[in-house]
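*Asks:*
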Amino acid sequence: MGQRGSKIEVTKADRAILQLKISKDEIHKYARRTESLIASEDLQLRNIIKADPKASNKNPRARLLLKKIHYQRRLLEQASDQLINLENMVATVEFKLVEQQFIIGLRQGNEILTKLNKEFTGVDDLMDQVQDQIAYQDEIDQVLSSSIVGSYEDELERELKQLDREVNGSVKQSEMPSVEGPTKQPEMPSVEGLPEPQPEREEPAVEEERPHEAPLLA
Amino acid sequence: MTTNLPAIYSFPPLYTCQPNALIREQQLTVWCEIIVEFAKKERVWCITAEGTPAKDGGDKQSVFRNDVIQRSVKSTFIEEIWHKMIETEKALRIDSDSNYFILWRSLDSWSALILQWFESSGKLNQVITLYELIEGDETLGCEFHGMDSMLMEKCLLRLRERGRASLLKDQNKVMGVKVV
């Protein structure tokens, strides 16, 4: 029968509310009892009056009963006032409990917030450092990129020029004879045309001249 | 009393223990139904072994006596009826005063009904006294209004077994309950 084993927590506040409610119940019980008492006394009074309609005004029992009824009614009113007070009290306590939860929640939130904020204390230094590091990194980047670009570009330029010299230079040398050779050859016939009257003699002479011309042009 | 009960209540052979086993079984079942019906209609939670409602003093008549047809059940047969009632879980013997709770709903059914009230009226996670549950103005329309406090305690114990309720004691007596 022990209620200790149950999982649901019973707090001090619950016990206090229980006590409040028990007293409330007592008043409730009292009110009911009084109500039935009043009802029965009222019935008695009515019976007396019915039994003796003429003397009822002077009948001490009837007076007494009426007084009693009035008194009980007043008590009943007081009881209901108290009942309302107790009910208000219970409601207030219950609301306070909710408020307590609210405060607890607020406090916990605040704790966490301060704890988190504590971790941000060195944030200025940290940010400065980060800024410095970033600036430094930029510097390094610039230095590195500029130096690479400078030397590399120069080297490239140099290499390209060299290549150009090599390639273009050799091309001129090798192409000249091949290009000018054929162009000269068409002229040959005209040259050959002049000494047509003596083709047998001139021809070998022209052939002899050609090897001379080529080295001269180059 | 007879007006609320089935017609067979005025059938004289019902009051004599029938020798035939089959018929007696039927007879016992009918008696169980009558008692349950009687308790439900009269909203009697607790009946003495003699068949009178336990709470309203001695002026009420025993369910085992029918003055209209001038018949009554013998005590040995009454015992048999109670035995049958407990066997079919229609009644619960009270240890302290050998009276019986009549369960026209099973304990589980009652506890479910009470739990439903807690849920629907927003009383969860609050302390409610047994008196409030039984006599309070808020349960006036409920079927369990006016229930015997000991029976109510048993129902709440069922809720506690299910982990839904916690009973609060005051001066070693269960006074309140907190349902979550």
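In the order they appear, the protein sequences are chains A and B. Residues in the first sequence are numbered consecutively from 1, following UniProt numbering. Residues in the second sequence are numbered consecutively from 1, following UniProt numbering. C-beta atoms are modelled at their ideal positions from N, C-alpha and C, and glycine is treated no differently.
Go through its chain and collect everything with a Cβ distance to residue 122 of chain B's Cβ below 7 Å, but skip five positions before and after it.
*Replies:* Nothing meets the Cβ criterion.
*Asks:* Distance check for residue 59 of chain A and residue 168 of chain B, CA to CA, integer angstroms please.
*Replies:* Those two C-alpha atoms are separated by around 52 Å.
*Asks:* Give the residues from the stretch 67-97 of chain A that approach chain B closer than 9 Å (Cβ to any Cβ), ordered along the chain.
*Replies:* Against chain B - using a Cβ distance shorter than 9 Å - the residues of the stretch 67-97 of chain A are 90, 94.
*Asks:* Since residue 167 of chain B sits in a beta bridge, which residues does DSSP pair it with?
*Replies:* DSSP output for residue 167 of chain B lists B:177 as bridge partner(s).
*Asks:* Does the stretch 37-50 of chain B come within contact of the stretch 95-113 of chain B, defined as at least 3 CB pairs closer than 8 Å?
*Replies:* The stretch 37-50 of chain B, when compared against the stretch 95-113 of chain B, does touch it at the 8 Å Cβ threshold.
*Asks:* Distance cutoff 8 Å, beta carbons only. Does residue 33 of chain A sit that close to anything in chain B?
*Replies:* For residue 33 of chain A, the answer is no, since every Cβ of chain B falls outside 8 Å of its Cβ.
*Asks:* Grab me the residues of residue 178 of chain B's own chain with a C-beta within less than 6 Å of its C-beta, minus the 5 sequence neighbours each way, in chain order.
*Replies:* Around residue 178 of chain B: 127, 166.
*Asks:* Rounding to the nearest angstrom, what Cα-Cα distance links residue 81 of chain A and residue 110 of chain B in this structure?
*Replies:* Roughly 34 Å separates the two Cα atoms.
*Asks:* Look at the Cβ atom of residue 23 of chain B, then the Cβ atom of residue 14 of chain B, and state whether they are nearer than 8 Å.
*Replies:* No. Outside cutoff.
*Asks:* Identify the contact partners of residue 21 of chain A in chain B, using a Cβ-Cβ distance below 9 Å as the criterion.
*Replies:* Chain B residues near residue 21 of chain A: 127, 128, 129, 131, 132, 175, 176.
*Asks:* Could you spell out where the alpha helix (DSSP H) holding residue 21 of chain B opens and where it closes?
*Replies:* Start and end: 21-42.
*Asks:* Whose C-beta lies closer than 7 Å to the C-beta of residue 42 of chain A among residues of the same chain, with five residues either side of it excluded?
*Replies:* Within the same chain, residue 42 of chain A has close Cβ partners 69.
*Asks:* Return the chain-ordered list of same chain residues with a C-beta closer than 6 Å to the C-beta of residue 51 of chain B, the five sequence neighbours on each side being excluded.
*Replies:* Contacts found: 62, 63, 64.
*Asks:* Give me, in chain order, the residues of the same chain whose beta-carbon lies closer than 7 Å to that of residue 73 of chain A; leave out the 5 immediate sequence neighbours on both sides.
*Replies:* Closer than 7 Å at Cβ, skipping near neighbours: 38.
*Asks:* Determine the DSSP secondary structure at residue 73 of chain B, reduced to helix, strand or coil.
*Replies:* Coil, per DSSP.
*Asks:* Determine, for residue 180 of chain B, whether the minimum Cβ-Cβ distance to residues of chain A falls below 8 Å.
*Replies:* Taking Cβ atoms only, chain A reaches closer than 8 Å to residue 180 of chain B, which makes this a yes.
*Asks:* Assign residue 53 of chain B to one of two classes, buried (16 or more other C-beta atoms within 10 Å of its C-beta) or exposed (fewer than that).
*Replies:* It is buried - the Cβ of residue 53 of chain B has at least 16 other Cβ atoms within 10 Å.
*Asks:* Apart from the five residues on each side of it in sequence, which residues of its chain come closer than 7 Å, Cβ to Cβ, to residue 176 of chain B?
*Replies:* These residues qualify, in order along the chain: 127, 128, 129, 130, 168.
*Asks:* Going by CA-CA distance only, name the one from B:60, B:124, B:116, B:28 that's closest to residue 80 of chain B.
*Replies:* Taking only the C-alpha atoms, the option nearest residue 80 of chain B is B:28.
*Asks:* For residue 22 of chain B and chain E, any beta-carbon pair shorter than 8 Å?
*Replies:* The chain labelled as chain E is not found among the protein chains of the depicted structure, namely A and B.
*Asks:* With burial defined as no fewer than 16 other Cβ atoms inside 10 Å of the residue's Cβ, what is the status of residue 132 of chain B: buried or exposed?
*Replies:* It is buried - the Cβ of residue 132 of chain B has at least 16 other Cβ atoms within 10 Å.
*Asks:* Using a 10 Å radius around the Cβ and a threshold of 16 neighbouring Cβ atoms, would you call residue 73 of chain B buried or exposed?
*Replies:* Per the 10 Å Cβ criterion, buried.
*Asks:* In or out: residue 174 of chain B buried (at least 16 other Cβ within 10 Å) or exposed?
*Replies:* By the 10 Å Cβ count, residue 174 of chain B comes out buried.
*Asks:* Which residues in chain B have a C-beta closer than 8 Å to the C-beta of residue 18 of chain A? List them in chain order.
*Replies:* Residues of chain B passing the Cβ test: 127, 129, 168, 170, 175, 176.
*Asks:* Considering residue 100 of chain B, what are the terminal residues of the beta strand (DSSP E) in which it resides?
*Replies:* Counting along the chain, the beta strand (DSSP E) containing residue 100 of chain B begins and ends at 100-102.
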